[in-house]
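Only one structure is covered here, and it is reproduced in the block below.
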Amino acid sequence: MNATRNRIGTAIGFVLILVWCLLPVVWIISLSFKSAAETGVGSPQFLPKDPTLQNYRDILTDNDFLDALRNSFGIALIATFLSVILATLAAYAIARLEFRGKRAVLSLALAIAMFPVVSLVGPLFDMWRTLHLFNTWPGLIIPYMSFTLPLAIWTLSAFFREIPWEMEQAAQVDGATSWQAFRKVIVPLAAPGVFTAAILTFFFAWNEFVLAISLTSTTRSRTVPAQMSFFVGPDPFNPPYGQLATASVVVTVPIIIIVLLFQRKIVAGLTSGAVKG
Amino acid sequence: MAAIDMKNIVKQYGDGFPAVNDISIDVADGEFMILVGPSGCGKSTLLRMIVGLEDITSGDMMIGDKRVNDLAPRDRNLAMVFQNYALYPHLTVYENIAFPLRLAKESDDEVDKKVRAASKTLELDEHLDRKPGNLSGGQRQRVAMGRAIVREADAFLFDEPLSNLDAKLRGQMRTEISRLQKRLGITTVYVTHDQTEAMTLGDRVAVLKRGVLQQLATPRELYENPGNLFVAGFIGSPPMNFLPATVEGTSVKLPFGSVQISPEKAAKAEGRGLLMAGIRPEYFEDASVKTDPTGGSTFRAEVDTVEWLGNETYAYIPFEAPPEVEEQLRQLERDLDGESLRTQLVVSLDGASRIQEGEEAEIWVDGSKIHLFDPATGENLTVDRDNAGRILDHATEQAAEQQAEQDAVAG
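Chains as they are written, first to last, in my numbering: chain B, 6 to 282; chain F, 1212 to 1622.
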């Protein structure tokens, strides 16, 4: 009796959460299939009356958007890659070594993570102009890395701490150098942590807007979130909702695919079985 | 294969605490050496210094004819089994065993041949494709051993390998390790806190206390001729009984009565005042069961508790000890990681004994096997030095201290 009531309650809860999370997504997808005429009539219905692929055709032939998409991918991937590598090495040092200023490094990293991004836009703009980094890929990659590194370091050092030190010592006794022990034993064991850090970093870089709009001026380095703010259409009072929604769908799909891909890798409890059981 | 020679090894931590203090142990080629002692005695630290996971503060660590103090673990060619096995969870059993070979860049054929041979020895054939996480404790233990035997290491090092197994499996693995070591004939250093493992596995046993080597001898020598109170109390289960004693002529006066000892032993203990007598539980017997009660003494005592185990019976007889003996016993208990309970005599009697709890019984004791200890220093006064291996005793300790002082002055 109680068990069934529990199950029903759980089911209702699930449905509520699903509706809460997915309704906006469904709304965007539905919008992306509506023609401009349909979105402009004031009270559009939920489902498109006359589904059309015109928005997708327009978007995928829009060179500005394609450039932005390319920029987004390039910048996000490079920032993720570099950030994860640096964070892995830093986190390993923090987890394993005793050195002066270890706490300072960790607190400083946390302080950077708490720093409001907007307050850095002005100084960065000036600096980047002088250093000729304005409107370039590195101009975005560098700040993205510095904002994602703290989180990545914290996540990864927690993972490294969980790995028994004996693993590494066993590898060294088995004939591995420190680097081999790190690469062949520690990194594979920390893989879930590395992927978690990678996903978080990628999300940040992919979705970031404030820096992307302030530190770029052309489609040479402008990313999708910034580019989308230029979708104004001919009538300022009547934004092209259909096209905006389509662009959103196009940029959300890679994220979903990446999450699904990495999710398989994030196997919890990989270290179970390493030690006594 | 190689001998391992530790010469005056010292490990001092940053705060100056010597975890291992001037230990010299020579492990012969092919010998099975046990390092045993209560927790915190430095045995694991010593093992980790042999393998190179711990820096050596001073002294020489020789493997074969090579001084290895400054070599990295991978250059020492030793194989080690860790207490928690330290298997690589992301690799299959096969790859776990193959790991050292892969690092040595051996060809796939060679790797396959050696891994199969090792897995056959350890009966792991059917588990080769599984991950360590899906194995039982005993199987993981075997995989860890497989990883050790697969390469031609100079020596095996074991760090309490059986402490995570249940009692039955521990017994089986113990014989397994012993058989394997005999068959491979490889130099082995084995760390344990379990005196049963120490007695059954070792060719020789090194007993350590707080970083100092107490006695280095064969199991039989340790059992029959413990060098001091600590070794006497540590080796043997149930542990040796310690009773206040005074020697008058050739008789030892114990709380329960007098026991005759040999004139040689009596001479060694002459005029020392209050001593501690060490008598193993198995040197006692129920006088009514003993068919041939000659050569010993009997006394009457009230038995407090009786534990009948079938093949034998443990009887407990409480006694009052003078304060100086009691203090020493309490200290000994602390050294042995035990709780200091009341002073009582444990006697191991034949299973046929009919002694009841609360009854006054006549107990026979073999006086020839009594040891007499100095309560102040813990030194065994009646030890047979020819059959006791190497002992740390008061004299050598003082000599070492004097030497250290001289060195300090000279330096």
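Ideal Cβ positions, reconstructed from N, Cα and C, are used throughout, including at glycine.
Going by C-alpha positions, Thr1516 (chain F) is about 26 Å away from Asp1405 (chain F).
The alpha-carbon separation between Gly1507 (chain F) and Ser1462 (chain F) amounts to approximately 11 Å. Identification of chain F residues near Gln185 (chain B) by a Cβ-Cβ cut-off of 7 Å yields Leu1314, ordered along the chain.
Ala252 (chain B) has a beta carbon lying at 8 Å or more from every beta carbon in chain F. For Gln1555 (chain F), DSSP records a beta bridge to F:Pro1529.
Per DSSP, Lys1580 (chain F) has no beta bridge partner at all. Within the same chain, and ignoring the five residues on either side of Ser1374 (chain F) in sequence, the residues whose Cβ sits closer than 7 Å to its Cβ are Gln1294. Put simply, the CB of Glu167 (chain B) is far from chain F, with every gap to its CB atoms at 8 Å or more. Below the 7 Å Cβ cutoff, chain F contributes Phe1293, Asn1295 and Ala1297 as neighbours of Glu171 (chain B), in chain order.
For the 8 Å CB-CB criterion, Val1292 (chain F) and Leu1335 (chain F) do not form a contact. The Cβ-Cβ distance between Ile1215 (chain F) and Val1400 (chain F) falls below 8 Å. Across the structure, Trp184 (chain B) and Asn1280 (chain F) are spaced so that their CA atoms are roughly 21 Å apart. Using a Cβ-Cβ cut-off of 9 Å, Val199 (chain B) is close to nothing in chain F; its nearest Cβ partner there is about 13 Å away.
Excluding the 5 residues flanking it on each side, Asp1240 (chain F) has same chain C-beta neighbours closer than 8 Å at Met1212, Ala1213, Ala1214 and Thr1398, in chain order. Within chain B, the residues placing a beta-carbon under 9 Å from that of Leu1264 (chain F) are Gln174, Gln177 and Val178, ordered along the chain.
Note on geometry: alpha-carbon atoms of Leu111 (chain B) and Gly1438 (chain F) lie some 53 Å from one another. Segment contact: the stretch 1417–1432 of chain F against the stretch 1585–1601 of chain F, three or more CB-CB distances shorter than 8 Å; contact assigned. DSSP places Asn1219 (chain F) inside the beta strand (DSSP E), whose first and last residues are Ile1215 to Gln1223. Sequence-ordered contacts of the stretch 225–250 of chain B with chain F are nonexistent [C-beta pairs closer than 9 Å]. By the C-beta density criterion, Glu1387 (chain F) is buried, having at least 16 other C-beta atoms within 10 angstroms.
Close to Thr153 (chain B), with beta-carbon spacing below 8 Å, lies no residue of chain F; the smallest spacing is near 26 Å. Ile1360 (chain F) places its beta carbon 8 Å or farther from that of Leu1412 (chain F). For Val24 (chain B), none of the residues of chain F pass the 8 Å Cβ criterion, the least Cβ distance being about 38 Å.
Membership of Glu43 (chain B) in the alpha helix (DSSP H) is indicated by the continuous run Ala41 to Thr44. Under the 8 Å criterion on CB atoms, Pro1372 (chain F) is classed as non-interfacial with respect to chain B.
Residues of the stretch 1303–1336 of chain F with a Cβ closer than 7 Å to any Cβ of chain B, in chain order: Phe1310, Pro1311, Leu1314 and Ala1315. In the structure shown, Arg1362 (chain F) adopts coil according to DSSP, grouped into three states. The Cβ atoms of Ala210 (chain B) and Thr221 (chain B) lie no closer than 8 Å to each other. Taking the Cβ atoms as the reference, Phe1584 (chain F) lies roughly 5 Å from Leu1440 (chain F), within the contact range of under 8 Å.
Per DSSP, reduced to three states, the secondary structure at Glu1535 (chain F) is helical.
Taking Glu1571 (chain F) as the centre and dropping the five residues before and after it, the same chain places the C-beta of Arg1511, Ala1512, Glu1513 and Val1514 closer than 8 Å to its C-beta, in chain order.
Between the alpha carbons of Tyr1527 (chain F) and Arg1491 (chain F) lies a distance of about 13 Å. Of the residues assessed, Val237 (chain B) falls on the exposed side of the cut-off, its CB having fewer than 16 other CB atoms within 10 angstroms. In this structure Val1536 (chain F) does not touch Val1470 (chain F) by the C-beta definition: roughly 17 Å separates them, more than the 8 Å allowed. Chain B has a Cβ within less than 8 Å of the Cβ of Arg1285 (chain F). Within the stretch 92–108 of chain B, contact with chain F at the beta-carbon level (separation under 8 Å) is assigned to no residue.
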